[in-house]
Amino acid sequence: MANIVKLPQKVVDASVFIEGLGFVGRTDMEKIKLPDIELIQETIKAGGFEVDINTGVFKKMEFEVGIKEVNSVIYESYSKALSNGGGMNISIKASLIQEGNKVSVVIDFRAIPTISNGLDEITLKGTTSLFKYVVGGKELCLLDSKYMIGKIMGVDYLEALRSHIM
């Protein structure tokens, strides 16, 4: 039986968009930090054992996006996010080469981020209330703290909780 060699994946281009205002600049994937998907664990000591128990609660989702230009649209969106309290909807659209084929990548965030200013670059970072990650048209995850959605590969881990308390 022959070994299957997987070719490395490479992002060849990425752009950043602000919902309602459009394109704000290009970025490199090295300048993007996606949120970790992690559940909070509690340690319980009982019955002669110490065990970690999954609480079913997702940790806060922190992100960072570096944009290779200074664009007034970012400040306009930030101003609106501060005045309405709803946050900015930030999208990253990229092209990924996977085994020789180009595949689309779409990453969505909703947050009121911190803006780190530079002369030729701006970095948005903070805690997001929405994280949606789609590769090749397939939704890998949708985590939305506002609507209590915790979907990973189509399975909503918070569905039962929503039905109990809403």
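All the letters of the sequence shown, read from the start, carry residue numbers 1 to 166 under the numbering used here.
C-beta: ideal position from N, C-alpha, C; glycine also.
{"Asked": "Since I believe I32 is in contact with V65 (beta carbons under 8 Å), could you give me their beta-carbon distance rounded to a whole number of angstroms?", "Found": "5 Å"}
{"Asked": "Helix, strand or coil: how does DSSP classify S145 here?", "Found": "coil"}
{"Asked": "Can you tell me which of E69, V135, L161 puts its alpha carbon nearest to the alpha carbon of V103?", "Found": "V135"}
{"Asked": "Taking DSSP as the reference, what is the three-state secondary structure of I32?", "Found": "strand"}
{"Asked": "Mind checking which residues open and close the alpha helix (DSSP H) that includes K80?", "Found": "72-84"}
{"Asked": "When burial is assigned at 16 or more other CB atoms within 10 Å of the CB, is D52 buried or exposed?", "Found": "exposed"}
{"Asked": "Rounded to the nearest angstrom, what separates E62 and S145 at their Cα positions?", "Found": "13 Å"}
{"Asked": "For the region 26-46 against the region 80-89, do three or more pairs of beta-carbon atoms, one drawn from each stretch, fall closer than 8 Å, so that the two count as touching?", "Found": "no"}
{"Asked": "According to DSSP, simplified to helix, strand and coil, what is E159?", "Found": "helix"}
{"Asked": "Taking only three categories from DSSP, how would you classify I112?", "Found": "coil"}
{"Asked": "Report all residues from its chain with a CB closer than 8 Å to the CB of G22; omit the five preceding and five following residues, and keep chain order.", "Found": "V73"}
{"Asked": "What's the call for D108, buried or exposed, on a 16-neighbour Cβ count within 10 Å?", "Found": "buried"}
{"Asked": "Alpha carbon to alpha carbon, how far is A2 from D28?", "Found": "With a pLDDT of 49 at A2, under the threshold of 50, the modelled position of that residue is not reliable, and no figure is offered here."}
{"Asked": "Assign I37 to one of three DSSP states: helix, strand, or coil.", "Found": "coil"}
{"Asked": "Is L82 buried or exposed, if buried means 16 or more other CB atoms sit within 10 Å of its CB?", "Found": "exposed"}
{"Asked": "On the CB-based measure, 16 or more other CB atoms within 10 Å of its CB, does G85 come out buried or exposed?", "Found": "exposed"}
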